[in-house]
Amino acid sequence: MVGPVIYADDLVVVTHRPLSEGVPMPGYLFVETVRHAPTLADLSDAEGAAVGWAVRRAAYALRTELSPDYVLSAITGRSVAHFHQHMFVRPEGTPDTVSWFASWSDGPHVDEPTLATLCERLAVHFTKDDVPL
Numbered sequence: 001m002v003g004p005v006i007y008a009d010d011l012v013v014v015t016h017r018p019l020s021e022g023v024p025m026p027g028y029l030f031v032e033t034v035r036h037a038p039t040l041a042d043l044s045d046a047e048g049a050a051v052g053w054a055v056r057r058a059a060y061a062l063r064t065e066l067s068p069d070y071v072l073s074a075i076t077g078r079s080v081a082h083f084h085q086h087m088f089v090r091p092e093g094t095p096d097t098v099s100w101f102a103s104w105s106d107g108p109h110v111d112e113p114t115l116a117t118l119c120e121r122l123a124v125h126f127t128k129d130d131v132p133l
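Residue numbers for the sequence shown follow my numbering, so the first one is 1 and each next one is one higher.
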């Protein structure tokens, strides 16, 4: 993916969705493996463990920093032919009539400086040497 990098190691990368793609919504992350793997079933055990750790940290970071109603996740693989997991928030106060964030014109939006600051705040939650969450 091409968005701002929040975390990266030898196996996994976590990025924020670029503002140039769709609605500029805060809290839309991608977790993907460094190695090109077509699907979840093609990951090694080490890659699967790294993805699990990163997804858990991403969910915690999003919940802590954005206080959404929900942190959601999906693996679809339809538009990009390699494994990547979507992590995104349903912002607090989203009306029940809004089924998807892109259809909520009054929803939260971010610009580049705000996104950079958010990514810095999210990044502090991706440490392997602290106490398990």
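Just so you know, even glycine gets a beta-carbon here, dropped at the ideal spot from N, CA and C.
By DSSP, does residue i sit in helix, in strand, or in coil?
i: Leu118; result: helix
i: Phe126; result: coil
Could you pull the start and end residues of the beta strand (DSSP E) that residue i belongs to?
i: Val5; result: 5-8
i: Glu21; result: It is not in any beta strand (DSSP E) - Glu21 carries neither H nor E in the DSSP assignment.
i: Val31; result: 28-33
i: Val13; result: 12-16
query = Is the number of C-beta pairs between the segment 4-20 and the segment 44-56 that are closer than 8 Å three or more?
reply = Touching, per the Cβ criterion.
key: Continuous beta strand (DSSP E) assignments of at least 3 residues falling wholly in the segment 37-91   = Fully enclosed beta strand (DSSP E) runs of 3 or longer: 70-74, 84-90.
inquiry  = Three or more C-beta pairs under 8 Å: does that hold for the segment 57-66 against the segment 87-97?
reply    = Short answer: they touch.
inquiry  = Contact between the segment 11-30 and the segment 112-126 is defined here as three or more beta-carbon pairs at a separation below 8 Å; is this criterion met?
reply    = Put simply, the segment 11-30 touches the segment 112-126. At least three CB pairs are less than 8 Å apart.
query = Between the segment 96-115 and the segment 67-81, are three or more C-beta pairs nearer than 8 Å?
reply = Touching, no, given that fewer than three Cβ pairs across the two stretches are closer than 8 Å.
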